[in-house]
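Please read the structure below before turning to the comments.
In the UniProt record's numbering, the protein residues as written are 1 to 242.
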């Protein structure tokens with residue numbers, strides 16, 4: 001699952017570098033991969049310790065293996081689950097939800113916002129906080145050695161805002177279809193991120209979902225897989241005029 005969550009261009013460049021240099025260095029020099037792997041290790045560690053602390057597993061080895069599998073499955077939006085997520089302690093459930101929203105690397109098989117966008121948003125927030133302390137500070141946002149253009153940062157914020165709007169729009173539509181608010185939020189989270197397991201009564205199956213709501217979930221899954229812009233642009237009238 002972790003292999004599928006890494007940018008496939010990194011896999012290709014590593015394959016081409018076989019026998020020429022250390023391929024691990026080829027991965028590690030990529031800022032997104034370092035951020036992605038660091039987040040996975042931190043989240044797996046926290047989830048594993050939480051499982052052990054809450055007494056949901058018998059020993060620390062079981063906590064690590066089950067925690068790693070469940071966390072990786074959620075963050076890589078693979079859909080596998082070994083716990084009833086709806087019955088997990090809220091803290092663990094929140095971590096699983098956050099990991100699914102972040103997802104894997106750009107150019108991978110995962111859903112979610114993607115690690116590169118999350119990293120850039122984090123750098124932008126960090127820069128704004130520093131600007132409050134040092135108003136005259138000029139601090140460009142860089143990924144590795146590359147300085148990001150303001151237009152690129154704006155596009156990532158636009159994607160993030162559209163992601164939030166589509167999420168709440170789908171939640172509202174599902175509520176109109178007859179589902180309660182909590183179940184609607186959990187189901188749209190599962191479909192928009194392509195994570196699979198959701199919260200509420202749909203944590204096991206979507207069989208009991210109203211037929212009209214299934215159309216909304218199908219739309220959410222397509223939006224999540226096509227990364228919003230490719231689908232949303234079809235609803236802009238000027239696109240069809242051209």
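Just so it is clear, CB atoms sit at the ideal spot from N, CA and C, and this is done for glycine as well.
Of the residues 25, 68, 63, 30, the one placed nearest residue 44, counting alpha carbons only: 68
Top-ranked residue by Cα proximity to residue 1, from 144, 110, 221, 23: 110
Nearest-angstrom Cβ-Cβ length linking residue 192 and residue 167, presumed shorter than 8 Å: About 6 Å separates the CB atoms of residue 192 and residue 167; that is less than 8 Å, so the two are in contact.
Classification of residue 38 by the beta-carbon crowding that lies within 10 angstroms, buried from 16 upward: The C-beta of residue 38 has fewer than 16 other C-beta atoms within 10 Å across all chains shown, which makes the residue exposed.
Environment of residue 118 [buried if 16+ CB atoms lie within 10 Å]: buried
Where residue 125 falls: helix, strand or coil (DSSP): helix
In DSSP terms, what residue 143 is bridged to: In DSSP, residue 143 forms a bridge with 146.
Collapsed DSSP secondary structure at residue 227 in the structure displayed: coil
Nonlocal neighbours in the same chain, by C-beta distance under 8 Å from residue 103, ignoring five residues either side: 5, 75, 76, 77, 110, 111, 112, 113, 114, 115, 193
Validate contact between the region 43-63 and the region 88-102 using beta carbons, cut 8 Å, 3 pairs: yes
Residue burial classification, residue 139 (beta-carbon count within 10 angstroms, cutoff 16): exposed
CB of residue 170 within 8 Å of CB of residue 219, strictly: yes
Residue 145 to residue 186 span [Cα, whole Å]: Straight-line Cα distance between these residues: approximately 39 Å.
Enclosing alpha helix (DSSP H) for residue 183 [first to last residue]: 181-192
Unbroken alpha helix (DSSP H) run spanning residue 66, endpoints: That run of the alpha helix (DSSP H) goes 60-75.
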